[in-house]
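Q: My questions will all concern the structure given below.
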Amino acid sequence: FNVLTGDQGLGEALAHDPGVDKVAFAGTAKVGRCLRQATAGSGKKLCLQLGGKLPFIVFDSADLDSAVDAVVDAIWLNRGQVHSAGAQLFLQESIAKNFIQRLKHRMGQLHLGDSLDKITDVGPLISEKQRNFIESLVEEARAEGAEIFQACASLPSSQLFYPPTLITGVYQTSRCVQEEIFGPVLVSLTFRTTKEAVALGNSTPHGLAASVWTEILSLALEVAHSLQVGTVWINSHNMLDAAAAFGGYKESGHGRNGGKEALYEYVRPIWEIQPHISSLDLNYKIFATSPKSDLPLIPGDKAACCIVSELKEDIPSMYQTYKLYYGGA
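See the structure below:
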């Protein structure tokens, strides 16, 4: 087992190398499309885990205290720089105001600082380029009329920090709703009915996972079966099990990690690696033209030879056509 570290050029070289039979990638949808093009027609197996815009759906029948704590962990885990971050918060209208108030209070308690410090809740971003991208999406939402709430007004001196941000009153078609932000930014919208909640959850091009919060199990199962995602958590978020497959739909990729489904991604059926039976030398000008023609057989098939030797005098020529020639045309 070899581990190679490098930049984009190394990844491209490995993807194009004829000695590589399988490519597994976790990253952006843009790079995933490039890998599809690079491996097309090469026979390489491809497993992609791409971007996610996970819906966090809270009904009025949910335990709000648990849901507030869970959404804080879901979006600000690792500064939101994970594909399974709960970046979209969908609240039933009857609880939206109360939930947002609790969430803002909880956001004010978050501590920004060094990621290695045990008291730190939110650390720095991966690069200044990513910070600028996040800031541009937030400012674009502000220009569209959205309300922006940012906790932790005092930031560390490093330019890589961005405050935990909550966006409300935004249009469903806004870029901050449709695109993966990959940062500490939570976008919240409201719904009235179950049907509307499902429609919002399925409205983005992503389909990695989702979480549903309600104490009514039948409602949770109804919503779970209607969401176009690979995994649905009920009253929890980002709960992974090595025995369970994890992967997405739509632009969130294909293939699975975890479980026996992931093992199948790295193996081939035994019949794919068996050598093909060699073709027999036949005179196609006279093959199957006479009831007395000898049927071509696979070398070494003694049982078939005995059967044919007994029956060949009575076999009509129609049963000696190419379609019945095992291993032939």
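The opening residue of the sequence shown carries number 1 in full-length UniProt numbering; numbering runs sequentially from there.
For glycine and all other residues, C-beta sits at the position ideal for the given N, C-alpha and C.
Can you give, in chain order, each stretch of the beta strand (DSSP E) that sits fully within the stretch 63-141 and has at least 3 residues?
A: Listed in chain order, the complete beta strand (DSSP E) runs (minimum 3 residues) inside the stretch 63-141 are 88-92.
Q: CA-CA distance, ASP301 and TRP271?
A: Low confidence applies to ASP301: its pLDDT is 49, below 50, so where it sits in the model is not reliable, and the reading given next is rough at best. Their Cα atoms are separated by approximately 20 Å.
Q: Suppose the cutoff is 8 Å on Cβ atoms and the five residues either side in sequence are ignored; what does the same chain contact list for LEU4 look like?
A: Correct list, in chain order: LEU10 and LEU14.
Q: Relative to the alpha-carbon of ALA262, which residue among LYS250, ALA245, SER252 and LEU77 has its alpha-carbon at the smallest distance?
A: Ranking the options by Cα distance to ALA262, first place goes to ALA245.
Q: How would you label SER127, buried or exposed, when you count the other beta carbons within 10 angstroms and need 16 or more for buried?
A: Burial call: exposed.
Q: Under the assumption that LEU186 contacts LEU89 (Cβ atoms under 8 Å), give the Cβ distance between them as a whole number of angstroms.
A: Going by Cβ atoms, the distance from LEU186 to LEU89 rounds to 6 Å, so yes, they are a contact pair.
Q: Under 8 Å: do the stretch 204-211 and the stretch 241-256 share three or more Cβ pairs, one atom per stretch?
A: Touching, yes.
Q: For the structure I just gave you, are there three or more beta carbon pairs, one from the stretch 53-73 and one from the stretch 88-108, closer than 8 Å?
A: Segments in contact, yes.
Q: Keeping to the same chain, check which residues put their C-beta closer than 6 Å to that of GLY258; ignore five residues upstream and five downstream.
A: The residues are ALA242, ALA244, ALA245 and PHE246.
Q: At the level of alpha carbons, what is the spacing between TYR266 and THR39?
A: If you take the alpha carbons of TYR266 and THR39, they lie about 16 Å apart.
Q: Assuming LEU227 contacts GLY201 (C-beta within less than 8 Å), just tell me the rounded distance between them.
A: About 5 Å; that satisfies the 8 Å criterion.
Q: By the 10 Å Cβ neighbour count, where 16 or more other Cβ atoms means buried, how is ARG33 classified, buried or exposed?
A: Exposed, since its Cβ has fewer than 16 Cβ neighbours within 10 Å.
Q: So what does DSSP say about HIS237, is it helix, strand or coil?
A: Looking at HIS237 - three-state DSSP - the assignment turns out to be coil, as it is neither helix nor strand.
Q: Around the C-beta of GLY230, are 16 or more other C-beta atoms found within 10 angstroms, so that it is buried, or is it exposed?
A: Result: buried.
Q: If you draw a straight line from the alpha carbon of ARG175 to that of VAL232, how long is it in whole angstroms?
A: Whole-angstrom Cα-Cα distance: 24 Å.
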